[in-house]
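A short write-up of the structure that comes next.
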Amino acid sequence: MAHHPLVVVGSGPAGIAAARAYLDAGGDGPATLFTADVDLPYQRPPLSKEMLRDTTSAPHVVPILDDEQGLSGVDVLLGRPVAHVDPLHHTVTVGDDEHTYDRLVLAPGAHPTPLPVADDDAQVLYLRSLRDARALSTAAAHARTAVVIGSGFIGCEAAASLAMRGIETTLVTSEHGPQAARLGAHASEVITGWLTELGVRLVTDATVTGVHAPRTVHTDDGRTHAADLVLAAIGVTPSTDFLQDSGFAMYDGRIVVDERLRTTMRDVWAAGDAVHAHHARAGRTLSVEHWGDASTMGEIAGGGAAGHDAEWSDPPGFWSEIGAHQLKYSAWGDGWDDVSVTERTGGFTMRYGRDGQLAGVLTYGADDDYEAAADQLGRARFSSAGSGDDQ
Ligand SMILES: Cc1cc2nc3c(=O)[nH]c(=O)nc-3n(C[C@H](O)[C@H](O)[C@H](O)COP(=O)(O)OP(=O)(O)OC[C@H]3O[C@@H](n4cnc5c(N)ncnc54)[C@H](O)[C@@H]3O)c2cc1C
1 MAHHPLVVVG SGPAGIAAAR AYLDAGGDGP ATLFTADVDL PYQRPPLSKE
51 MLRDTTSAPH VVPILDDEQG LSGVDVLLGR PVAHVDPLHH TVTVGDDEHT
101 YDRLVLAPGA HPTPLPVADD DAQVLYLRSL RDARALSTAA AHARTAVVIG
151 SGFIGCEAAA SLAMRGIETT LVTSEHGPQA ARLGAHASEV ITGWLTELGV
201 RLVTDATVTG VHAPRTVHTD DGRTHAADLV LAAIGVTPST DFLQDSGFAM
251 YDGRIVVDER LRTTMRDVWA AGDAVHAHHA RAGRTLSVEH WGDASTMGEI
301 AGGGAAGHDA EWSDPPGFWS EIGAHQLKYS AWGDGWDDVS VTERTGGFTM
351 RYGRDGQLAG VLTYGADDDY EAAADQLGRA RFSSAGSGDD Q
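According to full-length UniProt numbering, the sequence shown holds residues 1 to 391 in order.
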């Protein structure tokens, strides 16, 4: 049984940042990182954007760290999923082996939610890992038509990228318009315009009732959509099955952590898409699925494992690219009851409110508004859910 001062689970931004921050904070090395991924750590955001638009035979992969040295001191063990964690005995099980740890950071992220109505033999693609992206690029290289199911950011980005490759692309969504529920009608109309300009055909208010082999999508309006490529992007599910029976407090499949990213088990921290974390400024627990936040949380968790406590307090947010258009979004992400739109030449700013307080901002071509609102969110301090004082 091997012993490790630090074990990290997962090679996404949260896991890598945790290992790096732990070592930078003077934690005893090496950091041992087990990952289910078979590829060296890479950035996921380009997978639905530049990489999917790239029609060369070997699309460019962006490493997670600019500098190879960034991984020095970290033993990255690829294709080695952790099957079980026993926090009482400080062990993780990988294959047939048990490993003991002094400190553990869990950063297993999430995986695409499978489309429940697809037949087993239907050829439905998903997009999370580099391996998925390669399969998607290969399918795209031979496709004349594509159906993308789901109008979240990944669905919209992927549909735009496929259309930019010259593929006749249909986006099927149960929403009234892309992102309508999350961002409101105005933003949805703008995104609709961008997608249709690229040639994406939108099928809205339509629920997928089945996908039959090889690739025919059926919707509840009685229509069928056959394509050379079907991509389902209906959301993600936290990759936490391996923690069943480990005794961690969980919420909706996510690991519950406090604002210092500590789990309910001694010497175990968790970060990224797989957590439900208390946010020091929002004053409530949030689940976010953003690259930058996963990295920030990883830094806090890894620093904490080395004895340097910090709090998760930056407002969450991400930037998305739909075709040539970049949207910037920063928000608590758990709802709004009011929205205002300011149009400006070549762009707009949407400010979301909740209980009379700023709850988020979405901008296009309005970086100064984005910075100002993100700064305002960053200065907020709420004491309890739903009621807050902007200080
Ligand atoms: C195509 C795509 C585009 C995106 N674009 C954007 C964007 O533009 N902006 C943005 O903010 N966010 C974007 N995201 C979301 C962002 O990538 C995620 O929020 C982020 O990757 C979460 O980081 P994480 O470290 O928590 O998890 P992940 O990146 O999912 O990494 C989890 C790691 O854990 C490993 N793992 C899982 N289970 C185990 C196990 N049992 N044992 C060992 N290892 C395990 C996985 O193999 C993986 O290496 C995008 C996501 C995708 C898929």
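Glycine included, each C-beta is placed from N, C-alpha and C at the ideal position.
Residue range of the alpha helix (DSSP H) that residue i falls in?
i: S320; result: Segment G317 to I322 is the beta strand (DSSP E) holding S320; no alpha helix (DSSP H) there.
i: Y42; result: Run containing Y42: none; DSSP gives neither H nor E here.
i: S137; result: L130 to A141
i: I300; result: W291 to A305
i: G193; result: A185 to E197
i: D86; result: No alpha helix (DSSP H) holds D86; the beta strand (DSSP E) holding it covers V82 to D86.
In whole angstroms, give me the CA-to-CA distance for residue i and residue j.
i: residue 418; j: V82; result: Only positions 1 to 391 of the chain appear in this structure, which leaves residue 418 out of reach.
i: P79; j: A213; result: It should be noted that the sequence gives Gly, not Pro, for residue 79. Computed Cα separation, rounded: 30 Å.
i: A380; j: A271; result: 22 Å
i: H225; j: T169; result: 11 Å
i: A310; j: I16; result: 18 Å
i: D28; j: P13; result: 21 Å
i: L229; j: V172; result: 13 Å
i: D97; j: M1; result: 7 Å
i: T237; j: V339; result: 29 Å
i: I167; j: A25; result: 49 Å
i: D267; j: V9; result: 14 Å
i: L104; j: G323; result: 40 Å
i: S11; j: G199; result: 36 Å
i: A140; j: A232; result: 14 Å
Is it right to say residue i is buried, meaning 16 or more other beta carbons lie within 10 angstroms of its own, or is it exposed?
i: D220; result: exposed
i: Q326; result: exposed
i: R281; result: buried
i: residue 420; result: This structure gives no information on residue 420, because the portion of the chain shown stretches from 1 to 391.
i: L88; result: exposed
i: residue 476; result: Because residue 476 is not part of the residues shown, which for the chain are 1 to 391, the question remains open.
i: M51; result: buried
i: A146; result: buried
i: R307; result: Before going on, a small fix: residue 307 reads as Gly here, not Arg. G307 comes out exposed.
i: T196; result: exposed
Since residue i and residue j should fall inside the 8 Å C-beta cutoff, what is the C-beta to C-beta distance between them, to a whole number of angstroms?
i: Y42; j: P63; result: 6 Å
The beta strand (DSSP E) that contains residue i, what's its start and end?
i: H111; result: A110 to P112
i: A146; result: T145 to I149
i: S330; result: H325 to A331
- prompt: Is the stretch 328 to 338 close to the stretch 296 to 312, with three or more CB pairs under 8 Å?
  reply: By the Cβ test, the stretch 328 to 338 is not in contact with the stretch 296 to 312, since fewer than three Cβ pairs between them sit closer than 8 Å.
Check: Using 8 Å as the threshold, is the stretch 313 to 323 in touch with the stretch 24 to 33, meaning 3 or more CB pairs across them?
Finding: Inter-segment contact for the stretch 313 to 323 and the stretch 24 to 33 is absent: fewer than three beta-carbon pairs are separated by less than 8 Å.
ask   = Would you call the stretch 96 to 113 and the stretch 193 to 213 in contact, with 3 or more CB pairs under 8 Å?
value = no
message = Between the stretch 39 to 55 and the stretch 131 to 144, can you find at least three pairs of beta-carbon atoms closer than 8 Å?
response = yes
| field | Cβ pair count under 8 Å reaching 3, the stretch 146 to 159 against the stretch 176 to 186 | value | yes
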